[in-house]
Amino acid sequence: MIAEIKSNTVTKMQKSVEALRVNLAKVRTGRAHVGLLDHINVDYYGAPTAINQVANVTLIDSRTIGVQAWEKTMISKIEKAIRDGDLGLNPSTNGDVIRVPMPALTEERRKDLTKVVRNEADDAKVAVRNIRRDANEQLKRLVKDKDISEDDERRAADDVQKLTDKYVIEIDKLLAEKEKELMTM
């Protein structure tokens, strides 16, 4: 029972850290990367479809993303979807290839993005702590039902706390990396 609670806790905490990793990848830095467009959906014959399902997304250079539609009819829809996305990007079509240049970030915008990144990290920490609370409640319920002893519960709660500390440190590392990436020009 305790092992099951611990393994569920680890799985949930890993998912929280992975969700943070995905959210941080969406925050735009001065450099281009193909994952930047992953959350943009294109109207593909009436169905919202991920951009990487209707086009080939590549890096042209360190500051430009290239998007090559698999169907010529999709070029204008892809361009519109990128323009309407929440990233503030302005794509331009050059024949079959849509070029998406990354505008340089101002110092003020970098500081704003740092605040956004910190909020994402704080949300991830709250999620990890909520998972810890849920695990501890399950352990207390087992003691109350007399399925485990109080000593076992105390040891398991210590293990859950160590897991929490481990994942909070991992979140802090991800945050530090992203802040450093945002503040370098």
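Counting from 126, one number per residue, gives the positions in the sequence shown under our numbering. Every residue, glycine too, gets a C-beta built ideally from N, C-alpha and C.
{"Asked": "Hey, out of T183, A172, V293, whose CA is closest to A249's CA?", "Found": "V293"}
{"Asked": "Count the other CB atoms, across all protein chains shown, that sit within 10 Å of the CB of T289; report buried if there are 16 or more and exposed otherwise.", "Found": "buried"}
{"Asked": "Do V225 and L307 count as a contact pair if the criterion is CB distance below 9 Å?", "Found": "no"}
{"Asked": "On a Cα-Cα basis, can you pick out the residue from Q286, I200, I223, P216 that is closest to V135?", "Found": "Q286"}
{"Asked": "May I have a chain-ordered list of the beta strand (DSSP E) segments no shorter than 3 residues that lie completely inside the region 180-215?", "Found": "180-186, 189-194"}
{"Asked": "Under 9 Å, do I190 and A157 count as touching if we go by C-beta distance?", "Found": "yes"}
{"Asked": "Rounding to the nearest angstrom, what Cα-Cα distance links V179 and I130 in this structure?", "Found": "41 Å"}
{"Asked": "Less than 9 Å between the C-beta atoms of N133 and A282, yes or no?", "Found": "no"}
{"Asked": "Count the other CB atoms within 10 Å of the CB of L238; is the residue buried (16 or more) or exposed (fewer)?", "Found": "buried"}
{"Asked": "Sorted by chain position, which residues of the same chain lie with C-beta nearer than 7 Å to T174's C-beta, five sequence neighbours on each side aside?", "Found": "N166, V167"}
{"Asked": "Tell me the rounded alpha-carbon separation between R235 and P228.", "Found": "12 Å"}
{"Asked": "So, I200 versus T183, is the Cβ gap smaller than 9 Å?", "Found": "no"}
{"Asked": "When you compare only the Cα positions, how much space is there between E232 and T309?", "Found": "10 Å"}
{"Asked": "Measuring only the C-alpha atoms, how far is V251 from K303?", "Found": "19 Å"}
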